[in-house]
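Participant: Sequence lines, in order, name chains A and B.
Be aware that the first sequence starts at 49, since it is given in my numbering, and climbs by one per residue.
Be aware that the second sequence starts at 2, since it is given in my numbering, and climbs by one per residue.
All residues carry an ideal CB built from backbone N, CA and C; glycine is no exception.
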Amino acid sequence: MTIFIPTPLRGYTAGKDVVEVEATTVREALDQLTENFPDLRKHLFTPEGKVRAFVNLYLNDEDLRYLPTKEASEVKPSDTLSIIPSIAGGR
Amino acid sequence: MSKVSLTTPVYEEIRAHSEQTYPHECCGALLGVQSAEGWAIRASIRAGNTRTDSAHNRYQISPIELLKIERTARAEGLGIAGFYHSHPDHPALWSLTDLEEAHWLGCVYIITAVEHGHAAATSSFRLAGASEEEKHFEPDPIVIV
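#1: Using a C-beta to C-beta distance shorter than 8 Å, which residues of chain B count as neighbours of A/Thr-55?
#2: Quick one: is A/Tyr-106 near chain B, going by C-beta distance under 8 Å?
#3: If I follow the unbroken beta strand (DSSP E) through A/Tyr-114, where does it start and stop?
#4: With a threshold of 8 Å between beta-carbons, can A/Phe-52 be considered close to chain B, or not?
#5: Is B/Ile-70 buried or exposed, if buried means 16 or more other CB atoms sit within 10 Å of its CB?
#6: Examine chain A for any beta-carbon lying closer than 8 Å to the beta-carbon of B/Pro-140, and answer yes or no.
#7: Output the distance between the C-alpha atoms of B/Gln-21 and A/Pro-86, rounded to the nearest integer angstrom.
#8: Note down, one range per segment and in chain order, each alpha helix (DSSP H) of at least 4 residues found wholly within the region 9-76 of chain B.
#9: Between the region 84-93 of chain B and the region 108-125 of chain A, are three or more C-beta pairs nearer than 8 Å?
#10: What are the start and end residues of each continuous alpha helix (DSSP H) run of 4 or more residues lying completely inside the region 71-146 of chain B, in chain order?
#11: For the beta strand (DSSP E) that contains B/Lys-4, what are its first and last residues?
#12: Can you find a C-beta in chain A that's less than 8 Å from the C-beta of B/Ser-96?
#13: State the Cα-Cα distance for the pair B/Val-144 and B/Gly-39, rounded to the nearest angstrom.
#14: Taking the alpha helix (DSSP H) that A/Glu-76 falls in, what are its first and last residues?
#15: Just confirm the distance between the C-beta atoms of B/Ala-56 and B/His-25, as a whole number of angstroms; I'd bet it's less than 8 Å.
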């Protein structure tokens, strides 16, 4: 499947904005991504191994948080996973 | 020190957006290319402020809108360089809320102060630091090209 890397994390993927992995679930895809690029791990996961709260993951057009099986969701080679850090603020 | 360059149309657009949403905060994304000198902003995209509960002093862009912006950037051969928002009747300086909610390391956050409905100062800050724990804002001079 294809994983899209946002600009702030491309410094940890050798500048790549797209990474291809072979996986059957989202979790496998994320594990493979962070095995290939270990420096990414701390940016995506808490020390306990959970996806950081500000990291949004989209499987194709679906927010992973709202999929019934979440990170255990099965994926096909044609699927895309987008990593989207949140954006908010105010005075 | 790095800098952020904006085209005149982008600069004028984000300031116009800040006036149109007054007294609420506006927000949007900045698309561009990065070099050793910093980000060169080529386009901006308006976004909706989902913080309708407190739009006068908070902003948030929905993740699905960010996903669409990311796809637009990719299609145009650009990257998301950062984001802009306004501070109605408040200085163009980052706030603690801005820092706590900022997660795009290396990207720019442009803030326009709006005084009584009129765009005043516009400032840019780059989210520096190697990790979430070390993040901090550094001012980036704005150069209009």
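Facilitator: With the structure as the only source:
#1: Reading the first sequence from its first residue, position 7 is the one you call residue 55 of chain A. Gln-35, Gly-80, Ile-81, Ala-82, Trp-105, Gly-107 and Cys-108, listed in chain order.
#2: Locating residue 106 of chain A in the first sequence gives position 58, where the first residue counts as 1. For A/Tyr-106, the answer is yes, since a Cβ of chain B falls inside 8 Å of its Cβ.
#3: Along the first sequence, one-based indexing puts residue 114 of chain A at 66. Note, A/Tyr-114: premise wrong, no beta strand (DSSP E); not H, not E.
#4: Here residue 52 of chain A is taken as the residue at index 4 of the first sequence, counted from 1. So yes, A/Phe-52 belongs to the interface.
#5: Taking the first residue of the second sequence as 1, we reach residue 70 of chain B at position 69. Looking at its Cβ environment, which holds 16 or more other Cβ atoms inside 10 Å, B/Ile-70 is buried.
#6: In the second sequence, counting from the first residue as 1, residue 140 of chain B sits at position 139. No, B/Pro-140 lies away from the interface with chain A (no Cβ there is under 8 Å from its Cβ).
#7: Taking the second sequence and counting its residues from 1, one reaches residue 21 of chain B at position 20. Taking the first sequence and counting its residues from 1, one reaches residue 86 of chain A at position 38. Between B/Gln-21 and A/Pro-86, the C-alpha separation is close to 44 Å.
#8: 9-22 and 64-76
#9: no
#10: 97-101
#11: In the second sequence, counting from the first residue as 1, residue 4 of chain B sits at position 3. Looking at the DSSP string, the run of the beta strand (DSSP E) that includes B/Lys-4 is 4-7.
#12: Residue numbering aside, residue 96 of chain B sits at position 95 when the second sequence is read from its first letter. Answer yes: the Cβ-Cβ gap between B/Ser-96 and chain A drops below 8 Å somewhere.
#13: Your numbering for residue 144 of chain B matches position 143 in the second sequence. Your numbering for residue 39 of chain B matches position 38 in the second sequence. Each residue's alpha carbon lies about 11 Å from the other.
#14: Here residue 76 of chain A refers to the residue found at position 28 when the first sequence is read from its first residue. Looking at the DSSP string, the run of the alpha helix (DSSP H) that includes A/Glu-76 is 74-84.
#15: In the second sequence, residue 56 of chain B corresponds to position 55, counting from 1. In the second sequence, residue 25 of chain B corresponds to position 24, counting from 1. The pair is a contact, with the Cβ atoms about 4 Å apart (cut-off 8 Å).
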